[in-house]
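Take a look at the structure set out below.
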Amino acid sequence: MTTMTHRRYRAYELVELVRAPVEEVSTLSSEQRRQLTLRFRAVAGLEHRRLDAWSVERAGSSQSAFHWTPATTRRILGSAALRRVVSGGGALLDAVNDEIAQYLARAATGHARDGSLARWLADAPVAVRALATAESLNWARTLDEVARSLGQPPTIAAADVYYDVASARTTLRARRDLVIDDAAGRVIVRVRNGSPGRHAGPGLRSDLTIDALGDVEGKAARRFIGVWPDAGVVLAVEGTFDNLRAGAHDLVRTAVAQQRQRPLKAA
Amino acid sequence: MTTATLTKPRAVMEVLRGDPSSRRPADTNSAAGLRAELEDGIFSIIGSVQLTTPLLIRSSDLRAAPATTDLGSSPLGKLRGVLLMQVLRLQSVGVTTQQPFNDALDAWRSEQPGELAIQFDQLSADERARLATDVTAHALTLLRTLGDVPRHWPVRTMVRASQRLAGGSVLVSDVVDLVVGSPKGAVASVALLDVTSAPLGANAERVARFHALLQTLRTGEVPRCTCALSTATGELWSIDVNHELLARSTHELLDTIRYHWSQR
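Chains as they are written, first to last, in this note's numbering: chain D, 386 to 652; chain B, 207 to 470.
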């Protein structure tokens, strides 16, 4: 049976969620990985697909093409700036400006490809870069607040988890922002804007599953916590086998839904 | 206690900072009671009905009393508001603009705005020139009254809040223009600022209270003060947030929900 915990976004609630022991932390075996791979191969299409919690929550419905905007830069720049402040101190605003300067330097020296963040920042007017700074600052402060509410210092994740399903033209991506790794196992925190929708639970479980797949030993996180600061809501799932299985089912179901939509789009 | 600054304020940022030595302890107990009061009130209005499409309430719904015309909600008024917001965001990260209208327009367009951008494109040359003059005048007042934002201050702009009530049948949504301070401390340190291009009046006060209520429900902590700044007059109202103010805003929100429910 799958379980999900719903809490208000308060420091004591987060501390409790981080500390509370769990009954079981599952590990995915090689056979289970193979079975999942076979399922994805059965729905392999001609195009490469990328699945994440967001596509699960939207039941595979197509997303609009990605464009850089100040809002889409905030997580990359804001998290990097917070990492900079945690390791070296200083003001967050200066750290965001330093991050942007680093991207601009990369673009100026010809090391940025077309469509990259560095190229977009270099081509953007000053006002747009300033807006990206404001967005990134918002993100960094919010992430900092969440990090301080956990009761023990987390690591600010440098990258999301990616898992390529062999011969299935499928890449799975799990979002993670903060990681606490201690003797009892990993606790992963994911921060999202807005408020959780009706399918936030399946999205969280699919992140848990992808994170376990991305682990070398296949070990699931002890707990996967989703924080929605705008709504003041926290949802959490434990790394049990039932949650992992439900997450895998949702991912395969999303792949099937996407596959069904493709011929319609082509028509 | 509500205080209106009749004399010209030092600078808005100074007012938002307040006196650090006289801050009251953080109130983390009121949020649960306010939420319960709202839930009870909504139940008395809509009963146990579960709506598939939630009743959406925004701060603009509280701004105008029913059956009145709000000039700020005209297309030009809305455009002026969103462009001024961009000027505030640029100023908050230390970028002082020399051409407020053009810079605000660049920043706003980069966010890929929807319907309002179409309205902007449909403006005649005269209307566009009038808007540019208007935004420049308001931006100058804003920049003059706001003052410098210290680099180390925990400042955020366009802070969103949304609360699902009555099992998701009512969705209350809000955006605060500027938030200074951080909750989760021992003392109340959060100050909220609403910037409006209209003169301050009862509507602005109601919206300032609404911001405080939503911030309390979102973070679980009562903010220190909620302020409203008019770029039309340069006037600033600063209101200390206490339980009485939040209870009043709760009733105003319930009245708004009752009105919108009756219109369905």
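Built from N, CA and C at the ideal position, the CB exists for glycine as well. Note that the structure is predicted; figures quoted are calculated from it, not measured.
- Only those residues of the region 452-470 of chain D whose C-beta falls short of 8 angstroms from the nearest C-beta of chain B are listed: H452, T454, P455 and A456.
- Contact between D:T594 and B:E317 is absent: CB atoms are separated by about 34 angstroms, not below the 8 angstroms threshold.
- Beta-bridge pairing by DSSP links B:P281 to no other residue.
- Under the Cβ criterion (8 angstroms, minimum of three pairs), the region 370-385 of chain B counts as touching the region 254-267 of chain B.
- At least one beta carbon of chain D lies nearer than 8 angstroms to the beta carbon of B:E317.
- Only those residues of the region 416-440 of chain B whose C-beta falls short of 8 angstroms from the nearest C-beta of chain D are listed: L423, R424, T425 and G426.
- Comparing C-alpha distances from D:A456 to each of B:V301, B:W314, B:S250 and B:A242 shows the shortest one belongs to B:W314.
- In the structure shown, D:T555 falls within a strand segment according to DSSP collapsed to helix, strand and coil.
- Between D:A466 and D:A525, the beta carbon gap of about 5 angstroms places them in contact (Cβ cut-off 8 angstroms).
- Between B:K390 and D:R498, the CB-CB gap reaches or exceeds 8 angstroms.
- A Cβ-Cβ distance of about 7 angstroms is found for the pair B:T303 and D:A512, placing them in contact under the 8 angstroms criterion.
- Runs of the beta strand (DSSP E) lying entirely within the region 499-580 of chain D and spanning at least 3 residues, in chain order: 546-550, 555-559, 563-567 and 570-576.
- Under DSSP, the beta-bridge partners assigned to D:H391 are D:L620.
- Chain-order list of chain B residues neighbouring D:L522: S298, V299, V361, R362 and T363, by C-beta distance under 9 angstroms.
- Sorting D:A509, D:R630 and D:S440 by C-alpha distance to the C-alpha of D:H452 places D:A509 at the top.
- Excluding the 5 residues flanking it on each side, B:C431 has same chain C-beta neighbours closer than 7 angstroms at G224, A397, S444, I445, D446 and V447, in chain order.
- Three or more Cβ pairs drawn from the region 635-646 of chain D and the region 425-435 of chain D lie within less than 8 angstroms of each other, which places the two stretches in contact.
- D:F609 is positioned such that its CB atom lies closer than 8 angstroms to that of D:D592.
- Residues L502 of the same chain have their beta carbon placed closer than 7 angstroms to that of D:I461, with the five preceding and five following residues left out of the count.
- Taking 8 angstroms as the threshold, the shortest C-beta distance from D:V400 to chain B does not fall below it.
- The shortest CA-to-CA distance from B:Q325 to any of B:A392, B:G353, B:V288 and B:A217 is the one to B:V288.
- With contacts defined as CB atoms closer than 8 angstroms, D:R514 and D:L522 fail to qualify as a contacting pair.
- The beta carbon of B:I251 lies closer than 8 angstroms to those of L460, I463, R464 and W467 in the same chain, with the five residues before and after it left out.
- Between B:H449 and chain D, the shortest Cβ-Cβ separation is not below 8 angstroms.
- Between D:G475 and B:T425, the C-beta spacing is not below 8 angstroms.
- Any Cβ of chain D closer than 8 angstroms to the Cβ of B:A313 would place that residue at the interface, and such an atom is present.
- Secondary structure at B:S254: coil, using DSSP grouped into helix, strand and coil.
- For B:S444, the uninterrupted beta strand (DSSP E) segment begins and ends at L442 to D446.
- For B:G320, no beta strand (DSSP E) encloses it, and the DSSP letter there is neither H nor E.
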